[in-house]
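S.K.: The listed protein sequences correspond, in order, to chains W and B.
Letter by letter, the first sequence follows residues 56 to 416 in my numbering.
Letter by letter, the second sequence follows residues 444 to 713 in my numbering.
We treat Cβ as the ideally placed atom computed from N, Cα and C, and that holds for glycine.
I'd like to ask you about the structure that follows.
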Amino acid sequence: MKLLRVEKTYKIIAVCGFVLLSFMATLLLTGCQREDEKEVHVFCYGDYMDPSIPKDFEKETGIKVILDTFDTNEQLYPVIKNRAGVYDVICISDYMAERMKNENLLGEIDKKQLKHYKNLDKEYLKLADRSFDRGNKYAVPYQWGTVGILYNKKRVDARDVQSWKALWNGKYKGKILMQDSLRDTMGIALKALGYSLNSADGKKLSEAANYLSRQKPLVYKYANDSARDLLIGNSADLGVVWNGEAIYSKELNKDLEFAVPKEGTEIFVDSWCIPRNAFHRENAHMFIDYMCRKEAAYRNFKYLKYSTPNKAARSLMTEKYKNNPVIFPSKEILDRSEALRDVGPDGDDLYSKYWKIFKSH
Amino acid sequence: MYKKYFAFPYVFWILCGTIIPIGMIFYYGFTDRSGMFTTANVLAILEPVHRKALGMSLLLSLISTLICLLTAFPLALILKGSRLGRKGFMVFIFVLPMWMNFLLRTMAWQVILEKGGIFNTMLSYLHLPQFQLINTPAAIVLGMVYDFLPFMVLPIYNVLMKIDGNIIEAAYDLGAGRGKVFSSVVLPLSVPGIVSGVTMVFVPSLTTFVISNILGGGKIYLIGNIIEQEFTTSANWNLGSGLSLVMMLFIVISMAILRVLDSKGEGNFI
């Protein structure tokens, strides 16, 4: 009896082993033909394109879009770095593109394969060129935006919000919302003090952290996504919000107004990039090219309400949006503004150190 | 023979789910970014920022554990003494919120306590002065108590229900008063339940970062938040691991203290 049982267990092990082996074999076999597969693996922020676009791309080209999403750049970074997932196209922010480029994780983009690249406004390509992507070699801008103050014009003086200092004004105690985001919030404090939002100088950062600590009793909440809802619902009177959110919020609450302070602000540029280890480079270029098309970019704008770097798409917009200073801030404001840069591991540690000092104040 | 064979999946599970991750935390905790050995990550707990956050975490979790204990113990006593035929049902009601997702419950408190929320609306309806609870340490304690109370109620209730009624009667027969029966019979016999309840409330409250994020409005930083920040935005896994090791130490110490109290190890299911 005992012998029989032992024999049985061997059989089970053998079966398991066989299944495992055949599984690995299929993996290996499929691995060989990856370049010819009709698919493209896209890794993008959650809810960051019109949901019908991947389907239309599939219909037209026969290439299947496999879309995975993430919430923050920091979630994407270890996945690409440790090769936990292999993607053909990723959508990342400025400073992350710079960091990944410096760490040799990105492949160059072949612009000859992008027929609709010319739709992109030179202004934003220049912006990328002078900050995170020298020579526009690695990133194709997809969406951009600025941060500013969204305020309730009934309770907040419009003259105050011309400066970031409004957020430190005791008049608005308990009515102020700040972002709960390390680089963005430190950046605002740095800008308010008249520094660059990319400074990695311990003294300036310490000053910024002190400044934020002083502001803490005035702040109602450090909120990211819920900030606009608190402003719409009149729980707060002024807060730091991205311009794309401002358009949406103004439609729901007529009293809300958006201002970009005179000290200048942060500009983000989210771009499409191709990781160095991508399997389907050609398909990746086709996907990026599709996203640069006039109609696709316009549909994405209608869905997201973020500023688009696509000037062809801008020409399709209604008057209400085309020259809306909230979506397309003036050139003067842009000139005074900066995109976030990668400050390197030591810079990151400094930022993190002072952020913690402020947070646990 | 075949018992050993059936244990194999569990060994695999322990290996993948416990041993390897802990090993990795040790590895990251004792190395720097370039992979060299260092103790700086662990000693970083002595920095004022980290000490402050740890102190705050200890304080809030001790308060919430105490509140849970003071709420759960009388409840279990009442249930034991009552002649209600529905004791099980009462406990069931207390444990019911556990069926809902923990995040959802915490977010519900956020909506209730928000400035224009249900709580303040009710106060103003009753013509009482409004007060702001959200984004304060008190709100975090409330969240901890609400989320972890069932973990205190269950073990204490179980232990109390197991106490033989004859023992209590014998104590009365021997002339003990109510207070004496409680302090010399019921309380010592319920220690295992208290110990396991305290561990199950204290440990998750000490390490939480979700509750402080949602109900603290980002204004209060607990040690859990710092560790989370190191792993996510700051991308410094080494420091995060080093601080996690210190947290583990704290948990081991608290469990050792409790084990001394509960020397028979009856109520310990951790």
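Considering only the beta carbon of each residue, do V144(W) and A351(W) sit closer than 8 Å?
M.R.: Their beta carbons are not under 8 Å apart, which means V144(W) does not touch A351(W) by this criterion.
S.K.: Which residue wins for smallest C-alpha separation from G229(W), given the options E158(W), K271(W), H416(W), N207(W)?
M.R.: K271(W)
S.K.: Note down, in chain order, every chain W residue with its Cβ under 7 Å from the Cβ of V492(B).
M.R.: Here the neighbours are K411, I412, S415.
S.K.: Could you say which of I654(B), N681(B), V485(B) lies nearest to V500(B) if we only look at CA atoms?
M.R.: Here residue 500(B) turns out to be Ser, not Val, going by the sequence shown. Among I654(B), N681(B), V485(B), the Cα nearest to that of S500(B) belongs to I654(B).
S.K.: Where does V296(W) fall in DSSP's three states?
M.R.: strand
S.K.: Should W297(W) and C146(W) be called a contact, given that it needs their Cβ atoms to be closer than 8 Å?
M.R.: no
S.K.: Tell me where the alpha helix (DSSP H) around N609(B) begins and ends.
M.R.: 608-616
S.K.: By a C-beta neighbour count over all protein chains shown, 10 Å radius and 16 as the cutoff for buried, is D188(W) buried or exposed?
M.R.: buried
S.K.: Using a Cβ cut-off of 9 Å, pull out every chain B residue sitting near V274(W), in sequence order please.
M.R.: What V274(W) touches in chain B: N578, G660, G661, K662.
S.K.: What do you get for P598(B), buried or exposed, if any count of 16 or more other CB atoms within 10 angstroms of its CB means buried?
M.R.: buried
S.K.: Using the rule of at least 16 other Cβ atoms within 10 Å of the residue's Cβ for burial, across every protein chain shown, is A368(W) buried or exposed?
M.R.: buried
S.K.: Would L692(B) pass as a contact of I670(B) if the rule is Cβ separation under 8 Å?
M.R.: no
S.K.: Would you say L237(W) lies against chain B (beta-carbon separation less than 8 Å)?
M.R.: yes
S.K.: Quick check on S385(W): buried or exposed, where buried means 16 or more other Cβ atoms within 10 Å of its Cβ?
M.R.: Answer is exposed; the Cβ neighbour count stays below 16.
S.K.: Quickly, what does DSSP pair K119(W) with across the bridge? List them, please.
M.R.: E94(W)
S.K.: Could you tell me if I322(W) is buried or exposed, where buried requires 16 or more neighbouring beta carbons within 10 angstroms of its beta carbon?
M.R.: With 16 or more other Cβ atoms within 10 Å, it is buried.
S.K.: Under 7 Å Cβ-Cβ, which residues of chain W neighbour K447(B)?
M.R.: What K447(B) touches in chain W: nothing, since even the nearest Cβ is about 11 Å away.
S.K.: Using a 10 Å radius around the Cβ and a threshold of 16 neighbouring Cβ atoms, would you call L58(W) buried or exposed?
M.R.: In this predicted model, L58(W) has a pLDDT of only 44, less than 50, meaning its place in the structure is not dependable enough to derive any value.
S.K.: If you draw a straight line from the C-alpha of S697(B) to the C-alpha of T642(B), how long is it?
M.R.: So the two alpha carbons sit approximately 8 Å from each other.
S.K.: Please report how far the alpha carbon of M341(W) lies from the alpha carbon of Y142(W), in whole angstroms.
M.R.: 14 Å
S.K.: Touch check for the segment 128-136 of chain W and the segment 365-383 of chain W: three-plus C-beta pairs under 8 Å?
M.R.: The answer is no - the segment 365-383 of chain W does not touch the segment 128-136 of chain W, with fewer than three Cβ pairs under 8 Å.
S.K.: Are P106(W) and V120(W) close, meaning C-beta to C-beta below 8 Å?
M.R.: no
S.K.: Going by other Cβ atoms of all chains shown within 10 Å of its Cβ, with 16 needed for buried, is P631(B) buried or exposed?
M.R.: exposed
S.K.: Does the segment 273-290 of chain W come within contact of the segment 347-365 of chain W, defined as at least 3 CB pairs closer than 8 Å?
M.R.: no
S.K.: Where does the unbroken alpha helix (DSSP H) through T508(B) begin, and where does it stop?
M.R.: 491-524
S.K.: Taking Cβ to Cβ, would you say D292(W) is nearer than 8 Å to N207(W)?
M.R.: Inclusion of D292(W) and N207(W) in the CB contact set at 8 Å is warranted, their separation being smaller than that value.
S.K.: Please list, in chain order, the chain W residues whose beta carbon lies closer than 7 Å to that of K558(B).
M.R.: S290
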